[in-house]
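Engineer: Okay, handing you the structure first.
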Amino acid sequence: MKLSEIASLLGGISNYIVDIDVVGVSSVLSQKPNTIVFVDEQYKDIDFKQDIAYVSDIDLQAPNFIKVQNLKYAMAIVLDTFYKSEKPKGISDKAFIEEGVHIGKDVYIGPFSYIGKNVSLGEGVLIYPFTYVGDNTIIGNDSILHSGVHIYKNTVIGKNVIIHSGAVIGADGFGYAIGPEGIKKLNHIGNVIIEDNVEIGANTTIDRALLDSTIIGKSTKIDNLVMVGHNCKIGQNCFLVSQVGLSGSVNIGDNSILAGQVGVADHVNIGSNVQVAAKSGVAYDLPSNNTYGANLPSIEWNKWKRIYVSLLKLPDALKKLNKL
């Protein structure tokens, strides 16, 4: 593919000495011949080569250069162009498929997968080996379940959803009643609804609701190792980064971002267009259109010890101050 064709594909402004043939993508550190290299501000002063096409959202002194408005989005387009993975085909005779299953056109079901009763699989669904899909589950067109995914019964999954290995969707919520005879489990009769274009990372868990539905909104992206408790409702276009933990009945609006290791208490409402900094603990409602954080970034150890000792002395210091 010619550099000029890539520039047209990206809608970028090109400036080149040679309209080189591009065969793939390489990193700014490896810079392989006849590839595209994406350059951000950090690497703007690297040594540029004649046989590489450089793409950036800033001006570069490169011999072959395409300037774009959105560097990461341009990278996504180029990677899809050069590295489309071939879809597997067919239904393995080693898969176990119960009665009443609807299987759409071009569905793939890998070996040792289990498909429960009355499951509906839309067109182009890919179910990789060793995957469990419980009874009455609905999976929309072109969704992908990677190896080792577990989908409990009555789950509803939209179109173009990607669920990575080890994820568990629809397990019982953490709900118990304490009475005179001890601890009694609450039978969770709800389900999970995952809307279109959602991606769920490896080893993430999303619990089903007690009575209604746990809902993941359209185009929301959930990282690896995220815990979503029962009855949660997450809006559209949200990002939940690794090790976020949502207690039960948390509501999150649209376009919100929870950074790594954010913990949210039960029944908390987080608005739309909210960003929460890493390691924050959210105990109260957070209104829309703001950035929040309650964490302590790492500092030099001896300095932290001095700060901690000072904190212990603070109550007595305040008492003395109030007496003045």
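Heads up: the sequence shown begins at 23 in the working numbering, then just goes up one per residue. C-beta: ideal position from N, C-alpha, C; glycine also.
1. May I have the straight-line CA-CA distance separating residue 34 from residue 75, to the nearest angstrom?
2. Pull the bridge partners of residue 250 from the DSSP assignment, please.
3. Give the single residue among 25, 115, 188, 127 whose Cα lies nearest to the Cα of residue 422.
4. Less than 8 angstroms between C-beta atoms, sequence neighbours within five positions excluded: which residues of the same chain meet that for residue 246?
5. Tell me, please, which residues DSSP counts as bridged to residue 168.
6. Would a C-beta distance cut-off of 7 angstroms place residue 77 and residue 88 closer than the cut-off?
7. With DSSP as the reference, label residue 104 as helix, strand or coil.
8. Between which two residues does the alpha helix (DSSP H) harbouring residue 199 extend?
9. I'd like to know whether the C-beta atoms of residue 191 and residue 173 end up nearer to each other than 7 angstroms.
10. At which residue ranges does the segment 71-104 contain complete alpha helix (DSSP H) runs of 4 or more residues, listed in the order of the chain?
11. Run the CB neighbour count on residue 118, radius 10 Å, all protein chains shown included, and call it buried at 16 or more, exposed below.
12. If residue 218 and residue 162 are in contact, beta carbons under 8 angstroms, what's the gap, nearest whole angstrom?
13. Mapping DSSP to helix, strand and coil, what is residue 216?
14. Span of the beta strand (DSSP E) holding residue 191?
15. Which residues mark the beginning and the end of the alpha helix (DSSP H) in which residue 345 is found?
16. Can at least three beta-carbon pairs, one atom from the segment 292-303 and one from the segment 258-278, be found at a separation below 8 angstroms?
17. For residue 36, report the span of its alpha helix (DSSP H) as first-last.
18. Unbroken beta strand (DSSP E) runs of length 3 or more, entirely within the segment 277-330: which are they?
19. If we ignore side chains and look at the alpha-carbon of each, how far apart do residue 303 and residue 288 end up?
20. Helix, strand or coil: how does DSSP classify residue 143 here?
21. Report the CB separation of residue 179 from residue 160 in whole angstroms; it is logged as a contact under 8 angstroms.
22. Using beta-carbon positions only, say whether residue 181 and residue 164 come within less than 7 angstroms of one another.
23. By the three-class DSSP mapping on this structure, what secondary structure does residue 114 have?
24. What is the DSSP secondary structure of residue 148, reduced to helix, strand or coil?
25. The beta strand (DSSP E) spanning residue 30 covers which residue range?
26. Taking C-alpha atoms, which residue in 111, 63, 253 lies nearest to residue 210?
27. Rank 29, 140, 231 by C-alpha distance to the C-alpha of residue 197 and give the top, closest one.
28. Going by the beta-carbon positions, is the gap between residue 299 and residue 281 smaller than 7 angstroms?
29. Going straight from the alpha carbon of residue 61 to that of residue 50, what length do you get?
30. Name the residue from 341, 68, 312, 151 whose alpha carbon lies nearest to the alpha carbon of residue 83.
31. Buried or exposed, going by whether 16 or more other CB atoms sit within 10 Å of the CB of residue 92?
32. Within a Cβ cutoff of 7 angstroms, which residues of the same chain sit near residue 9, ignoring the five residues on either side of it in sequence?
33. Quick one: using the 10 Å Cβ neighbour count with 16 as the cut-off for buried, is residue 317 buried or exposed?
Structural biologist: A quick look at the data gives this:
1. In the sequence shown, residue 34 corresponds to position 12, counting from 1. In the sequence shown, residue 75 corresponds to position 53, counting from 1. Those two C-alpha atoms are separated by around 13 angstroms.
2. Taking the sequence shown and counting its residues from 1, one reaches residue 250 at position 228. Partner(s): 228, 268.
3. There is simply no residue 422 to check, as the chain begins at 23 and stops at 346 in what is shown.
4. To locate residue 246, count along the sequence shown from 1; it is residue 224. 186, 223, 224, 225, 226, 264, listed in sequence order.
5. The residue labelled residue 168 in the question sits at position 146 within the sequence shown. Looking at the DSSP assignment, residue 168 forms no beta bridge with any residue, so it has no partner.
6. Position 55 of the sequence shown, counted from the start, is the residue given in the question as residue 77. Position 66 of the sequence shown, counted from the start, is the residue given in the question as residue 88. Result yes, Cβ atoms of residue 77 and residue 88 sit closer than 7 angstroms.
7. Taking the sequence shown and counting its residues from 1, one reaches residue 104 at position 82. If DSSP states are grouped into helix, strand and coil, residue 104 belongs with the helices.
8. Residue 199 sits at position 177 when you count from the first residue of the sequence shown. Unbroken run through residue 199 is the beta strand (DSSP E), 198-201; no alpha helix (DSSP H).
9. The count along the sequence shown starts at 1 and reaches residue 191 at position 169. The count along the sequence shown starts at 1 and reaches residue 173 at position 151. Yes, they are a contact pair.
10. Segments of the alpha helix (DSSP H) lying fully in the segment 71-104: 93-104.
11. Taking the first residue of the sequence shown as position 1, residue 118 is located at position 96. That one is exposed.
12. On the sequence shown, position 196 is the one that residue 218 refers to. On the sequence shown, position 140 is the one that residue 162 refers to. With a Cβ gap of about 7 angstroms, residue 218 and residue 162 count as contacting.
13. For this step, residue 216 is matched to residue 194 along the sequence shown. Residue 216: strand per DSSP, three-state reduction.
14. As a first step, residue 191 is located in the sequence shown; it is residue number 169 there, counting from the start. Where residue 191 is concerned, the enclosing beta strand (DSSP E) stretches over 190-193.
15. On the sequence shown, residue 345 is found 323 positions in, with the first residue counted as 1. Note, residue 345: alpha helix (DSSP H), 323-345.
16. yes
17. On the sequence shown, residue 36 is found 14 positions in, with the first residue counted as 1. Premise fails: residue 36 lies in the beta strand (DSSP E), 35-38, not in any alpha helix (DSSP H).
18. Those beta strand (DSSP E) runs which fall completely within the segment 277-330 and span 3+ residues are 296-298, 312-314.
19. Translated into the one-based positions of the sequence shown, residue 303 becomes position 281. Translated into the one-based positions of the sequence shown, residue 288 becomes position 266. So the two alpha carbons sit approximately 12 angstroms from each other.
20. Against the sequence shown, residue 143 aligns to sequence position 121. Of the three classes helix, strand and coil, the one that applies to residue 143 here is strand, per DSSP.
21. Position 157 of the sequence shown, counting from 1, holds the residue named residue 179. Position 138 of the sequence shown, counting from 1, holds the residue named residue 160. The pair is a contact, with the Cβ atoms about 7 angstroms apart (cut-off 8 angstroms).
22. Mapped onto the sequence shown, residue 181 falls at position 159. Mapped onto the sequence shown, residue 164 falls at position 142. Yes, these two residues count as a Cβ contact at 7 angstroms.
23. Counted from its first residue, the sequence shown places residue 114 at position 92. Of the three classes helix, strand and coil, the one that applies to residue 114 here is coil, per DSSP.
24. Residue numbering aside, residue 148 sits at position 126 when the sequence shown is read from its first letter. Looking at residue 148 - three-state DSSP - the assignment turns out to be strand.
25. The residue you call residue 30 lines up with position 8 of the sequence shown. No beta strand (DSSP E) contains residue 30, which is instead part of the alpha helix (DSSP H) from 25-32.
26. Taking the sequence shown and counting its residues from 1, one reaches residue 210 at position 188. Of 111, 63, 253, the residue nearest in Cα terms is 253.
27. As a first step, residue 197 must be located in the sequence shown, where it is residue number 175. The residue with the shortest Cα to Cα distance from residue 197 is 231.
28. As a working note, residue 299 is residue 277 in the sequence shown. As a working note, residue 281 is residue 259 in the sequence shown. Yes.
29. The count along the sequence shown starts at 1 and reaches residue 61 at position 39. The count along the sequence shown starts at 1 and reaches residue 50 at position 28. Rounded to whole angstroms, residue 61 to residue 50 spans 7 angstroms at the Cα level.
30. By one-based count along the sequence shown, residue 83 stands at place 61. Out of 341, 68, 312, 151, 68 has the C-alpha closest to the C-alpha of residue 83.
31. The residue labelled residue 92 in the question sits at position 70 within the sequence shown. When all chains shown are included, residue 92 counts as exposed.
32. Outside the modelled stretch of the chain, which goes from 23 to 346, sits residue 9, for which no answer is possible.
33. Residue 317 sits at position 295 when you count from the first residue of the sequence shown. It counts as exposed.
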